[in-house]
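Heads up: the structure comes next, in structure tokens.
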Amino acid sequence: MRVLLVDDHPLFREGLASVLQSQPDFDVVGEAGSVCEAVEMARALQPDVVVMDFCLPDGSGADASRVILSERPRTKIVFLTVHDDDDCLFAAISGGAHGYLLKNAGAKELVASLRALK
């Protein structure tokens, strides 16, 4: 599964990439730190899944999700965020999210959730 990671914290992205790359069925094809980078990288790299934070420096992950899905409707979008409020959840769903996990989830839970998208 080709995965694009989108989070504005490089250390978090690197840790997440390490977790996913340790699995034989995941290939982290790129990392982005903003909505603009996420859209550009999704176009160029054509990931199967985008794991995205909700709040990014230049907009929301829901905004990025809408653009990515308008161009690549088969791409799965999973939000991985600290925001556990209903407004963010509903915005993510309206943006086309296929999943919504909190950053306090364990690695096993994240991996299982991504595998369930196949």
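The opening position of the sequence shown corresponds to residue 14 in this note's numbering, with each subsequent residue numbered one higher.
C-beta: ideal position from N, C-alpha, C; glycine also.
Here the structure is a predicted model, which is why all the values come from computation and not from measurement.
Would you mind sorting residue i into buried or exposed? The rule is 16 or more other CB atoms within 10 Å of its CB.
i: VAL95; result: exposed
i: HIS111; result: buried
i: PRO86; result: exposed
i: CYS68; result: exposed
i: ASP100; result: exposed
i: ALA104; result: buried
i: PRO37; result: exposed
i: PRO23; result: exposed
Quick one: what's got a C-beta closer than 8 Å to residue i's C-beta in the same chain, skipping five residues either side?
i: GLN34; result: ASP40, VAL41
What are the boundary residues of the alpha helix (DSSP H) that includes residue i?
i: VAL16; result: Per DSSP, VAL16 belongs to no alpha helix (DSSP H); it is in the beta strand (DSSP E), 15-19.
i: ASP76; result: 74-84
i: GLY28; result: 23-34
Between which residues of its own chain and residue i is the CB-CB distance below 6 Å, once the five residues before and five after are set aside?
i: ASP97; result: LEU115
i: VAL48; result: LEU69, ASP71, GLY72, ASP76, ALA77
i: ALA51; result: VAL19, ALA45, ALA77
i: ASP21; result: GLY46, LEU69, PRO70
i: ALA120; result: VAL32
Could you check how far apart the C-beta atoms of residue i and residue j are, in whole angstroms? I think they sit under 8 Å.
i: LYS131; j: MET54; result: About 22 Å; that fails the 8 Å criterion.
i: MET65; j: GLY74; result: 4 Å
i: VAL63; j: ILE90; result: 5 Å
Identify the continuous beta strand (DSSP E) that holds residue i and give its terminal residues.
i: LEU93; result: 89-94
i: LEU114; result: 112-115
Can you name, in chain order, every residue of its own chain whose Cβ lies under 7 Å from the Cβ of residue i, other than the five neighbours on each side?
i: GLU44; result: LEU18, ARG26, ALA30
i: LEU102; result: TYR113
i: GLY109; result: SER78, ARG79, LEU82, ILE90
For residue i, list the residues DSSP reports as bridge partners.
i: GLU44; result: LEU18
i: MET54; result: Answer is none; MET54 lacks a bridge partner.
i: VAL62; result: VAL16, LYS89
i: CYS68; result: SER73
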